[in-house]
Amino acid sequence: MNRRKRMEAEKKRTRLVLAESNIDLAKSLVRLLEMYSDQIECVEVCQNGEAALAAVKAHRPDILLTEDRLPILDGRTLAGMLRTTCYTIILYSEGEIDQDRTIRVFMNAGASDALQKPVDAAGLVVSIRNVMQCQRLEQSYPELMKRDGKEAPRVIVLFGGKGGEGGTTLAVNMGAIYAMSGKSTILLDFDITNGAAAINMLPSQPTRNLLTLFEEEPPWTVDTILGHVVQHESGLVLLASPSLPVYRDHYKIEHYLQVVHLLRESRKYEIIIVDLPHELNDITADLPGVADRILLVARPNLKSLQSLYTILRLMIQLNIPRELISVVLNEALPPPTEL
111 MNRRKRMEAE KKRTRLVLAE SNIDLAKSLV RLLEMYSDQI ECVEVCQNGE AALAAVKAHR
171 PDILLTEDRL PILDGRTLAG MLRTTCYTII LYSEGEIDQD RTIRVFMNAG ASDALQKPVD
231 AAGLVVSIRN VMQCQRLEQS YPELMKRDGK EAPRVIVLFG GKGGEGGTTL AVNMGAIYAM
291 SGKSTILLDF DITNGAAAIN MLPSQPTRNL LTLFEEEPPW TVDTILGHVV QHESGLVLLA
351 SPSLPVYRDH YKIEHYLQVV HLLRESRKYE IIIVDLPHEL NDITADLPGV ADRILLVARP
411 NLKSLQSLYT ILRLMIQLNI PRELISVVLN EALPPPTEL
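Position one of the sequence shown corresponds to residue 111 (this note's numbering), numbered consecutively onward.
So this is what it looks like as structure tokens:
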């Protein structure tokens, strides 16, 4: 590899500071990260929070990987202090009973993700990749026109050709990260046959949702829409799909387009994330046309990739600019190895 290619490869690697008070575990984590040295570089290992803070200031890494119970400054405190400096992934002990609540507490404090010990290789690398993927998505958007001193909203559309691809989970995680980074964000779950976004986000299904909105007599206003949303503790606002499947034929594509149009024109939210149904229909055919970014989510298996190929052909036939389309290959990793 010549010098130029080597420098380009180094720039693409995720730079990481590791903060772990258990020396043996720190060594194990370093060995694990070295397995992915072409993608991840551990620039320094620290045993306490004060040293970790100094290392972040010195190296300016992409991610701080830290345990929760770090001496001097714990992981939660560091996540809050470094919220605008780098992403933080917290490793917490297996003694925590309510894992969902624990993760929410860490993410509210400023962490981008949290993983329970003992850490498996696949889970850690997926977490790092997901965090960096959100960073790249955020950095890849061109500067949009501003009006009245307020930036135009970015509409991100996610679509998987079949169920179980992980698109809804990606939409929820991305929305929560945007919201916790200070960007006003709304997630529109447009799959009215499956209330998956609410299941991933909330302890119970909301009583007001997309269905109750569609039952209101048009024309609507932004306030009409906001009367049917719920807000997650991360700050992410959700227009949920109903908990029980309903027939989509009762609702026209114009209803969905009007929701996106009203929210975009109001500029109330900086980010609008749209989670589309899995099957090809008028909704999945028309809504990508209003997007600033389209994420096609697939898994590394033949059936999923065949569906992806069909979707890509449809996008080309609809004359959607190719530079707006990105493919997210979910779980493209070897089997997990527990430390």
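A virtual CB, placed ideally from N, CA and C, is assigned to each residue, including glycine.
Selection from the options that minimises the alpha carbon distance to residue i
i, options, result
"THR317", "LYS378, THR212, GLU144, LEU348", "LEU348"
"THR194", "TYR288, LYS362, ILE335", "TYR288"
"ALA401", "THR279, GLU433, MET284, THR420", "GLU433"
"PHE469", "MET284, SER237, VAL369", "Nothing about residue 469 can be read from this structure; the chain reaches only from 111 to 449."
"LEU405", "MET425, SER436, LEU428", "SER436"
"ALA219", "GLN157, ASP178, SER131", "ASP178"
"GLY270", "LYS137, ASP385, ARG423, ALA136", "ASP385"
"GLN341", "ASN411, ASN319, GLU154", "ASN319"
"GLU327", "HIS365, GLN416, GLU151", "HIS365"
"LYS362", "THR198, GLU325, GLU130, GLN427", "GLU325"
"ARG377", "HIS338, LYS413, ASP333, GLY337", "ASP333"
"LYS122", "GLN149, SER131, ALA136", "GLN149"
"ALA189", "LEU174, TYR202, SER203, ILE182", "LEU174"
"ARG211", "ILE426, ASN132, GLN226", "GLN226"
"VAL407", "LEU424, ASN440, LEU428", "ASN440"
"GLU151", "GLN416, VAL127, GLY277, LEU192", "VAL127"
"SER414", "GLY276, VAL166, PRO329", "GLY276"
"ALA136", "THR176, VAL166, LYS167", "THR176"
"LYS167", "ARG186, ARG423, MET191", "MET191"
"THR278", "TYR419, HIS338, PRO387, ASN132", "PRO387"
"GLU204", "ASN240, ARG186, ALA224", "ALA224"
Element boundaries [beta strand (DSSP E), containing residue i]
i, result
"TYR197", "197-202"
"THR295", "295-299"
"ALA165", "Element bounds for ALA165: not the beta strand (DSSP E) but the alpha helix (DSSP H), 159-169."
"THR278", "Note, THR278: premise wrong, no beta strand (DSSP E); alpha helix (DSSP H) at 277-290."
"ALA189", "Not the beta strand (DSSP E): ALA189 falls in the alpha helix (DSSP H), residues 185-191."
"ILE182", "It is not in any beta strand (DSSP E) - ILE182 carries neither H nor E in the DSSP assignment."
"ILE150", "150-156"
"LEU439", "435-439"
"GLY270", "264-270"
"ASP223", "223-226"
"LEU386", "Taken as a continuous stretch (DSSP letters only), LEU386 belongs to no beta strand (DSSP E), as it is neither H nor E."
"ALA408", "403-408"
N-terminal and C-terminal residue of the alpha helix (DSSP H) that residue i is part of
i, result
"ILE334", "According to the sequence shown, residue 334 is Thr rather than Ile. Note, THR334: alpha helix (DSSP H), 332-336."
"ARG423", "412-427"
"LEU135", "133-144"
"ARG59", "Residue 59 is absent from the structure shown; the chain starts at 111 and stops at 449."
"PHE324", "320-324"
"THR317", "No alpha helix (DSSP H) contains THR317, which DSSP labels as neither H nor E."
"ARG123", "Counting along the chain, ARG123 falls outside any alpha helix (DSSP H), and DSSP gives it neither H nor E."
Beta-carbon proximity check, residue i vs residue j, cutoff 9 Å
i, j, result
"VAL265", "ARG409", "no"
"ILE238", "ALA221", "no"
"ALA286", "GLN315", "no"
"ASP134", "GLY159", "no"
"ILE383", "MET284", "yes"
"VAL282", "LEU367", "no"
"LEU139", "VAL229", "yes"
"TYR146", "VAL235", "yes"
"VAL438", "LEU280", "yes"
"GLU130", "VAL153", "no"
"TYR202", "ASP172", "no"
"SER344", "ARG214", "yes"
"GLY399", "ILE426", "no"
"ILE302", "PRO352", "yes"
Distance between beta carbons of residue j and residue i, contact taken as under 8 Å
i, j, result
"PRO263", "ILE381", "7 Å"
"THR124", "MET217", "No, THR124 and MET217 are not in contact; Cβ-Cβ is about 19 Å, not under 8 Å."
"LEU180", "ALA162", "7 Å"
"THR331", "LEU372", "7 Å"
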